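The working numbering puts the first residue of the sequence shown at 45, with every later residue one more than the last. Yeah, the Cβ is synthetic: ideal placement off N, Cα and C, and Gly gets one too. Note that the structure is a prediction, hence the values are computed from the model and not measured. Since the structure comes first, as structure tokens, the remarks are kept for the end.
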Amino acid sequence: MVRRHGDMLFRLCLVMLRSESDAEDAVQETVLKYLQKAPAFDGPEHEKAWLIRVAVNQCRDQQRFRMRHPQVSLDTLSACGASPESSGIIEALTRVPEPFRIVLTLYYVEEFPMEEIARVIGRSVSAVKMRLQKGRRLLEKIYREEYL
45 MVRRHGDMLF RLCLVMLRSE SDAEDAVQET VLKYLQKAPA FDGPEHEKAW
95 LIRVAVNQCR DQQRFRMRHP QVSLDTLSAC GASPESSGII EALTRVPEPF
145 RIVLTLYYVE EFPMEEIARV IGRSVSAVKM RLQKGRRLLE KIYREEYL
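Here it is in structure tokens:
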């Protein structure tokens, strides 16, 4: 399971949490839940959807914790002189609100079809299309303001 889905889960968590160490923790917690629950799946797509849902929920839990217990990470302190290579589209994507960020990441980074994204996030295909449309506009606005 980790070989098949580990990289995808890490990228998703990284975009949501904006920190490699936090993303690694979220993936680790997702794998632990997978091992503890040992759920029965209808197929590989059901397994992937379950893992994504658990990872997203884990990221949200971490975000709530951070809001209640603010900290300044070492990455933030060392990023004061960030290089131009580190900025870009992924940086801008991390600033897009979560509902749009998840859909954009699943569609463009993980190349999921809209129907699968709809099933994973529990929304209709038309809602996914609207989130993609709004998300692209927000991403473009953030990118233009920050990097151009």
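Tell me the rounded alpha-carbon separation between arginine 181 and phenylalanine 54. Within the sequence shown, residue 181 is the residue found at index 137, counting from 1. Within the sequence shown, residue 54 is the residue found at index 10, counting from 1. Going from the Cα of arginine 181 to the Cα of phenylalanine 54 covers about 25 Å.
Closest by CA to lysine 185, which one among Met174, Ile133, Ala171? Along the sequence shown, one-based indexing puts residue 185 at 141. Here the closest residue by C-alpha is Ile133.
Do the CB positions of valine 100 and leucine 58 come within less than 9 Å of each other? Position 56 of the sequence shown, counting from 1, holds the residue named residue 100. Position 14 of the sequence shown, counting from 1, holds the residue named residue 58. It is not a contact, given that the beta carbons lie outside the stated cut-off.
Restricting to runs no shorter than 4 residues, where is the alpha helix (DSSP H) found entirely within the stretch 135-167? 142-148, 158-165
Mind reading off the beta-carbon distance from methionine 60 to glutamate 142? Whole number of angstroms is fine, and I expect it under 8 Å. For the purposes of this step, residue 60 is taken as the residue at position 16 of the sequence shown. For the purposes of this step, residue 142 is taken as the residue at position 98 of the sequence shown. Contact flag correct, Cβ pair sits at about 7 Å.
Checking 9 Å against the spacing of the C-beta atoms, do valine 172 and tyrosine 151 come in under that value? By one-based count along the sequence shown, residue 172 stands at place 128. By one-based count along the sequence shown, residue 151 stands at place 107. Taking 9 Å as the Cβ cut-off, valine 172 and tyrosine 151 qualify as a contacting pair.
Is it buried or exposed, glutamate 64, if we count other Cβ atoms within 10 angstroms and call 16 or more buried? As a first step, residue 64 is located in the sequence shown; it is residue number 20 there, counting from the start. Per the 10 Å Cβ criterion, exposed.
Would you give the residue range spanned by the alpha helix (DSSP H) that arginine 170 belongs to? Here residue 170 is taken as the residue at index 126 of the sequence shown, counted from 1. The sequence given here places serine at residue 170; arginine does not occur at that position. Counting along the chain, the alpha helix (DSSP H) containing serine 170 begins and ends at 169-191.
Using 8 Å for Cβ pairs, my map puts histidine 49 next to lysine 92. What's the rounded Cβ distance? Locating residue 49 in the sequence shown gives position 5, where the first residue counts as 1. Locating residue 92 in the sequence shown gives position 48, where the first residue counts as 1. Correct: roughly 6 Å between the Cβ atoms.
For tyrosine 191, which of Gly179, Cys103, Ala84, Leu137 has the nearest alpha-carbon? Within the sequence shown, residue 191 is the residue found at index 147, counting from 1. Comparing Cα-Cα distances from tyrosine 191 to each of Gly179, Cys103, Ala84, Leu137, the minimum goes to Leu137.
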